[in-house]
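Colleague:
Residue numbers (this note's numbering): 1 to 323.
1) Which one of 240, 109, 182 has the shortest CA to CA distance from residue 165?
2) Sort 140, 6, 100, 195 by Cα distance to residue 133 and report the nearest one.
3) Give me the Cα-Cα distance between residue 71 and residue 177, rounded to the nearest whole angstrom.
4) Jot down the residue ranges of each uninterrupted beta strand (DSSP E) in the segment 145-230, minimum 3 residues, whole runs only, in chain order.
5) Which same chain residues end up closer than 8 angstroms to residue 125 when comparing Cβ atoms and leaving out the 5 residues on each side of it in sequence?
6) The alpha helix (DSSP H) with residue 75 in it runs from where to where?
7) Quick check on this structure: which residue in 271, 122, 252, 205 has the alpha carbon closest to the alpha carbon of residue 308?
8) For residue 98, count neighbouring C-beta atoms within 10 Å of its own C-beta (all shown protein chains included) and say buried if the count is 16 or more, exposed if not.
9) So, with DSSP's three-state summary, where would you put residue 275?
10) With H, G and I counted as helix, E and B as strand and the rest as coil, what does DSSP make of residue 109?
11) For the structure I just gave you, are there three or more beta carbon pairs, one from the segment 254-263 and one from the segment 289-298, closer than 8 angstroms?
12) Please tell me whether residue 107 and residue 285 are closer than 8 angstroms, where the distance is taken between their beta carbons.
13) Can you round the beta-carbon distance between residue 243 and residue 157 to whole angstroms, since I take them to be within the 8 angstroms contact cut?
14) Let me know the secondary structure DSSP gives residue 114 once reduced to three states.
15) Terminal residues of the continuous alpha helix (DSSP H) containing residue 325?
16) DSSP three-state call for residue 300: helix, strand or coil?
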């Protein structure tokens, strides 16, 4: 996010202009090696970095350039996979495993021991086994897509309803010293803190979806719908259904996609990062630990929302806030 801010602000020599954009691609290439789903964010953050009020096509160009540079930087590792594994996987070969896990009703949307299909039991090569699992997962989804879709709420729930795991680890390490009651209280405190941040983050995104004034009814229809969705997301964040808050908030902001790349970078980064997690773990399987890396961005958006709240309470105009 800091590199995106730097790229957007940089107006120097040609080499400096290229250098900061290359640095952004390098950052994402390293991130993809650690967490492959970061590849989805490379074009989105590239679009944020290149956006400008007088450059309507720049976000598309920036997204494609950033993605292209990222893939070029990853190509040596992909070549290594071709040579050593017999499979030209971009980074790793666990997509088939994860997709198959996400089709198992026994997991209830979360990880569960894999039920190895008969066709894959005699396959031992890592890449070949992953391909076999991928084919088996696709066959299950095509044969019964309704059952797979029904798992979507459960996958999102285990990802967004409760993100922390310290209490679980502490209890497993020493159940006598850190009892089940202690684990419950720590989990309750963590959940309350996380939901408060999420509520403030949605409140901080309200100016993003307000839209322009249009006719006697004030804001545009999309602006009114977006605000309504975000108010609903704020209310749902205070309930046990955090995943519904996430979906409603994403839907509200998505009503004004152009504003995402032209308004404050931190708000766009928060939205795109949250969207990528919801998409990936809605398709595969969910867990609270996948939501945890987003909390620095959520906390930043929450700070904007908190500042806006204070200004409103003091009678100031929220339009004075800018990042």
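Glycine included, every Cβ here is placed at the ideal spot set by N, Cα and C.
Since the model is a prediction, treat every value here as computed from it, not as a measurement.
Modeller: Per the coordinate set shown:
1) The shortest C-alpha separation from residue 165 is found at 182.
2) When only C-alpha atoms are compared, the closest one is 100.
3) Straight through space, the alpha carbons of residue 177 and residue 71 are spaced by roughly 49 angstroms.
4) Counting whole runs of 3 or more residues, the segment 145-230 contains no beta strand (DSSP E) stretch at all.
5) Answer for residue 125: 86, listed in chain order.
6) For residue 75, the enclosing alpha helix (DSSP H) starts and ends at 58-85.
7) Of the listed residues, the one whose Cα sits closest to residue 308 is 205.
8) Classification of residue 98: buried, given that the 10 Å Cβ count is 16 or more.
9) It is helical.
10) If DSSP states are grouped into helix, strand and coil, residue 109 belongs with coil.
11) No, the segment 254-263 is not in contact with the segment 289-298.
12) One thing to note: residue 107 has its Cβ within 8 angstroms of the Cβ of residue 285.
13) 5 angstroms between Cβ atoms; contact.
14) In the three-state scheme derived from DSSP, where H, G and I count as helix and E and B as strand, residue 114 is classed as coil.
15) Past the boundaries of the shown model lies residue 325; the chain is included only from 1 to 323, so the question cannot be answered.
16) Per DSSP, reduced to three states, the secondary structure at residue 300 is helical.
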